[in-house]
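Novice: Below is one structure. I have some questions about it.
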Amino acid sequence: MTISKNKMIELEKRTIEEFNIDSLILMENAGMGIFREINQYDSFTIICGKGNNGGDGLVIARHLILSGKIVEVFVVGDKESQEFSKNLEIIEKLTDVKYIKDHNFDELIESIEVNEITVDAIFGTGLNRKLNKFYRSLIDAINLHGNYVIAVDIPSGMDADTGEEYGNCVACNVTYAISDIKKGELLNSNVGELKKIYIGIVRYKDE
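Shown next as C-alpha coordinates:
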(Lines of atoms letter the chains of each structure in order from A and count residues from 1; the text may use other names and numbers.)
(Lines give C-alpha, C1' and ligand atoms only; values in the text may rest on other atoms or scores of the structure.)
Protein backbone atom coordinates (compact mmCIF):
# COMPACT_ATOMS: atom_id res chain seq x y z
CA MET A 1 0.00 0.00 0.00
CA THR A 2 1.25 3.46 -0.91
CA ILE A 3 0.04 6.93 -0.02
CA SER A 4 0.04 10.38 -1.61
CA LYS A 5 1.81 13.25 0.11
CA ASN A 6 -1.48 15.12 0.54
CA LYS A 7 -3.08 12.12 2.25
CA MET A 8 -0.04 11.78 4.50
CA ILE A 9 -0.32 15.45 5.46
CA GLU A 10 -4.02 14.94 6.20
CA LEU A 11 -3.37 11.92 8.42
CA GLU A 12 -0.60 13.68 10.34
CA LYS A 13 -2.75 16.78 10.86
CA ARG A 14 -5.69 14.71 12.07
CA THR A 15 -3.49 12.71 14.44
CA ILE A 16 -2.19 15.92 15.99
CA GLU A 17 -5.34 18.06 16.02
CA GLU A 18 -8.20 15.58 16.43
CA PHE A 19 -6.52 12.93 18.55
CA ASN A 20 -4.21 15.33 20.45
CA ILE A 21 -1.02 13.40 19.80
CA ASP A 22 1.73 16.01 19.85
CA SER A 23 3.86 16.45 16.74
CA LEU A 24 6.97 16.09 18.91
CA ILE A 25 5.79 12.62 19.92
CA LEU A 26 5.43 11.63 16.28
CA MET A 27 8.90 13.03 15.58
CA GLU A 28 10.33 11.14 18.54
CA ASN A 29 8.70 7.92 17.32
CA ALA A 30 10.12 8.43 13.82
CA GLY A 31 13.63 9.14 15.06
CA MET A 32 13.62 6.31 17.57
CA GLY A 33 12.30 3.89 14.96
CA ILE A 34 15.14 4.67 12.57
CA PHE A 35 17.69 4.67 15.41
CA ARG A 36 16.72 1.09 16.20
CA GLU A 37 17.29 0.13 12.58
CA ILE A 38 20.82 1.58 12.34
CA ASN A 39 22.36 1.47 15.81
CA GLN A 40 24.49 -1.56 14.93
CA TYR A 41 26.84 0.83 13.14
CA ASP A 42 29.42 2.95 14.95
CA SER A 43 29.90 6.25 13.11
CA PHE A 44 27.47 8.62 11.42
CA THR A 45 27.25 11.84 9.46
CA ILE A 46 23.74 13.29 9.81
CA ILE A 47 22.73 16.11 7.46
CA CYS A 48 19.60 17.97 8.52
CA GLY A 49 17.45 20.58 6.88
CA LYS A 50 15.54 22.88 9.20
CA GLY A 51 12.08 21.42 8.68
CA ASN A 52 10.49 18.41 10.32
CA ASN A 53 12.53 15.98 8.24
CA GLY A 54 15.60 17.57 9.76
CA GLY A 55 13.94 17.35 13.17
CA ASP A 56 13.65 13.59 12.68
CA GLY A 57 17.36 13.59 11.88
CA LEU A 58 18.17 15.41 15.11
CA VAL A 59 16.20 12.84 17.12
CA ILE A 60 18.18 10.07 15.43
CA ALA A 61 21.42 11.92 16.22
CA ARG A 62 20.46 12.35 19.87
CA HIS A 63 19.78 8.68 20.45
CA LEU A 64 22.96 7.65 18.63
CA ILE A 65 25.06 10.07 20.70
CA LEU A 66 23.47 8.92 23.96
CA SER A 67 24.18 5.30 23.01
CA GLY A 68 27.87 6.08 22.60
CA LYS A 69 28.18 6.33 18.82
CA ILE A 70 30.40 8.72 16.86
CA VAL A 71 28.03 11.30 15.38
CA GLU A 72 28.67 14.47 13.39
CA VAL A 73 25.65 16.70 12.81
CA PHE A 74 25.45 19.17 9.92
CA VAL A 75 22.59 21.63 9.47
CA VAL A 76 21.57 23.44 6.31
CA GLY A 77 18.71 25.79 5.47
CA ASP A 78 16.99 28.95 6.65
CA LYS A 79 13.53 28.81 8.20
CA GLU A 80 13.21 26.46 11.17
CA SER A 81 10.08 24.54 12.12
CA GLN A 82 9.14 24.68 15.80
CA GLU A 83 9.78 20.96 16.20
CA PHE A 84 13.21 21.30 14.61
CA SER A 85 14.10 24.22 16.90
CA LYS A 86 13.17 22.30 20.04
CA ASN A 87 15.28 19.32 19.04
CA LEU A 88 18.16 21.57 18.02
CA GLU A 89 18.21 23.06 21.53
CA ILE A 90 18.74 19.56 22.88
CA ILE A 91 21.34 18.40 20.37
CA GLU A 92 23.44 21.55 20.84
CA LYS A 93 23.89 20.52 24.47
CA LEU A 94 25.27 17.15 23.36
CA THR A 95 27.59 17.95 20.45
CA ASP A 96 29.01 20.73 18.30
CA VAL A 97 26.59 21.24 15.42
CA LYS A 98 28.18 22.33 12.14
CA TYR A 99 26.34 24.69 9.80
CA ILE A 100 26.83 24.38 6.04
CA LYS A 101 26.98 27.74 4.28
CA ASP A 102 27.92 28.90 0.80
CA HIS A 103 29.37 26.08 -1.32
CA ASN A 104 32.09 24.97 1.09
CA PHE A 105 31.45 21.27 1.62
CA ASP A 106 35.02 20.29 2.58
CA GLU A 107 34.28 19.54 6.24
CA LEU A 108 31.12 17.65 5.31
CA ILE A 109 32.90 15.58 2.66
CA GLU A 110 35.64 14.66 5.11
CA SER A 111 33.01 13.52 7.61
CA ILE A 112 31.09 11.52 5.00
CA GLU A 113 34.23 9.74 3.84
CA VAL A 114 35.35 8.84 7.36
CA ASN A 115 32.04 7.71 8.86
CA GLU A 116 30.22 4.48 8.04
CA ILE A 117 26.73 5.91 7.56
CA THR A 118 25.42 9.12 6.01
CA VAL A 119 21.89 10.09 7.05
CA ASP A 120 19.94 12.28 4.61
CA ALA A 121 17.43 14.36 6.58
CA ILE A 122 17.48 17.46 4.39
CA PHE A 123 14.09 17.52 2.67
CA GLY A 124 10.94 15.50 3.30
CA THR A 125 7.78 14.86 1.34
CA GLY A 126 6.77 18.52 1.35
CA LEU A 127 9.39 19.49 -1.24
CA ASN A 128 7.68 20.90 -4.34
CA ARG A 129 10.23 23.10 -6.08
CA LYS A 130 13.35 22.83 -8.18
CA LEU A 131 16.52 22.74 -6.14
CA ASN A 132 18.91 25.66 -6.45
CA LYS A 133 22.58 25.22 -7.32
CA PHE A 134 23.61 25.03 -3.67
CA TYR A 135 21.37 22.06 -2.87
CA ARG A 136 22.18 20.30 -6.14
CA SER A 137 25.88 20.60 -5.31
CA LEU A 138 25.25 19.38 -1.76
CA ILE A 139 23.42 16.31 -3.05
CA ASP A 140 26.18 15.67 -5.60
CA ALA A 141 28.72 15.69 -2.76
CA ILE A 142 26.68 13.16 -0.77
CA ASN A 143 26.26 10.90 -3.79
CA LEU A 144 29.94 11.06 -4.71
CA HIS A 145 31.44 10.53 -1.27
CA GLY A 146 28.88 8.60 0.79
CA ASN A 147 29.84 5.08 1.87
CA TYR A 148 26.36 3.93 2.88
CA VAL A 149 23.50 6.41 2.66
CA ILE A 150 20.08 6.22 4.29
CA ALA A 151 17.16 8.61 3.80
CA VAL A 152 14.71 9.75 6.44
CA ASP A 153 11.26 9.24 4.85
CA ILE A 154 12.28 10.04 1.26
CA PRO A 155 15.52 10.82 -0.60
CA SER A 156 16.03 14.58 -0.62
CA GLY A 157 15.21 16.06 -4.02
CA MET A 158 12.53 13.52 -4.98
CA ASP A 159 8.84 14.22 -5.49
CA ALA A 160 6.84 12.00 -3.15
CA ASP A 161 4.01 11.44 -5.63
CA THR A 162 5.77 11.05 -8.97
CA GLY A 163 9.31 10.01 -8.12
CA GLU A 164 10.60 12.81 -10.33
CA GLU A 165 13.74 14.63 -9.25
CA TYR A 166 13.82 18.37 -8.62
CA GLY A 167 17.20 18.68 -10.34
CA ASN A 168 18.79 15.68 -8.64
CA CYS A 169 18.20 13.58 -5.54
CA VAL A 170 20.17 11.66 -2.96
CA ALA A 171 20.99 8.11 -4.07
CA CYS A 172 20.29 5.90 -1.06
CA ASN A 173 21.08 2.37 0.02
CA VAL A 174 18.01 2.34 2.26
CA THR A 175 15.03 4.67 2.62
CA TYR A 176 13.06 4.54 5.87
CA ALA A 177 9.56 5.65 4.88
CA ILE A 178 7.83 7.32 7.82
CA SER A 179 4.47 5.64 8.50
CA ASP A 180 3.75 4.79 4.84
CA ILE A 181 5.54 4.26 1.56
CA LYS A 182 4.92 7.23 -0.71
CA LYS A 183 3.73 6.64 -4.28
CA GLY A 184 6.82 8.15 -5.87
CA GLU A 185 9.15 5.93 -3.90
CA LEU A 186 8.18 2.98 -6.10
CA LEU A 187 9.06 4.97 -9.22
CA ASN A 188 12.68 5.96 -8.57
CA SER A 189 15.51 3.50 -7.95
CA ASN A 190 17.44 6.03 -5.84
CA VAL A 191 15.34 5.02 -2.83
CA GLY A 192 17.34 1.79 -2.56
CA GLU A 193 15.75 -0.69 -0.19
CA LEU A 194 12.43 0.54 1.24
CA LYS A 195 11.47 0.01 4.87
CA LYS A 196 8.50 1.43 6.80
CA ILE A 197 8.81 3.02 10.23
CA TYR A 198 5.73 2.93 12.47
CA ILE A 199 5.17 6.23 14.32
CA GLY A 200 1.57 6.01 15.56
CA ILE A 201 -0.42 7.82 12.88
CA VAL A 202 -4.12 7.36 13.69
CA ARG A 203 -6.47 6.01 11.03
CA TYR A 204 -10.20 5.50 11.16
CA LYS A 205 -11.32 1.88 11.15
CA ASP A 206 -12.46 2.08 7.51
CA GLU A 207 -9.21 3.58 6.17
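Quick note: the sequence shown uses my numbering, first residue 2, plus one each step. Every residue, glycine too, gets a C-beta built ideally from N, C-alpha and C. Predicted model, so just to flag it, every value in this text is computed and none were measured.
Which ranges would you report for the alpha helix (DSSP H) in the region 37-114 if only whole runs of at least 4 residues count?
Specialist: As far as the region 37-114 is concerned, its whole alpha helix (DSSP H) runs of at least 4 residues are 53-67 and 83-92.
Novice: Have a look at LYS196 and SER82 and give me their C-alpha separation to the nearest angstrom.
Specialist: Straight-line Cα distance between these residues: approximately 26 Å.
Novice: Starting from the C-beta of SER112, find all residues in its chain whose C-beta is less than 6 Å away, skip the five residues before and the five after it, and write them out in chain order.
Specialist: Excluding sequence neighbours, SER112 sits near THR46 and GLU73.
Novice: Which residue or residues does DSSP assign as beta-bridge partners of ASP121?
Specialist: ASP121 pairs with ILE48 and ALA152.
Novice: Mapping DSSP to helix, strand and coil, what is MET28?
Specialist: Of the three classes helix, strand and coil, the one that applies to MET28 here is helix, per DSSP.
Novice: Near CYS170, what residues of its chain come up, given a Cβ to Cβ distance below 8 Å and the 5 sequence neighbours on each side ignored?
Specialist: ILE140, PRO156, SER157, GLY158, MET159, ASN189 and ASN191.
Novice: Does DSSP put ALA142 in a helix, a strand or coil?
Specialist: ALA142: helix per DSSP, three-state reduction.
Novice: Drop a sphere of 10 angstroms on the beta-carbon of GLU186, count the other beta-carbons inside from all chains shown, and report buried for 16 or more, exposed for fewer.
Specialist: Answer is buried; the Cβ neighbour count reaches 16.
Novice: Is it right to say ILE61 is buried, meaning 16 or more other beta carbons lie within 10 angstroms of its own, or is it exposed?
Specialist: Classification for ILE61: buried.
Novice: Would you report the Cα separation of ASN174 and GLY193, rounded to the nearest angstrom?
Specialist: Cα-Cα distance, rounded: 5 Å.
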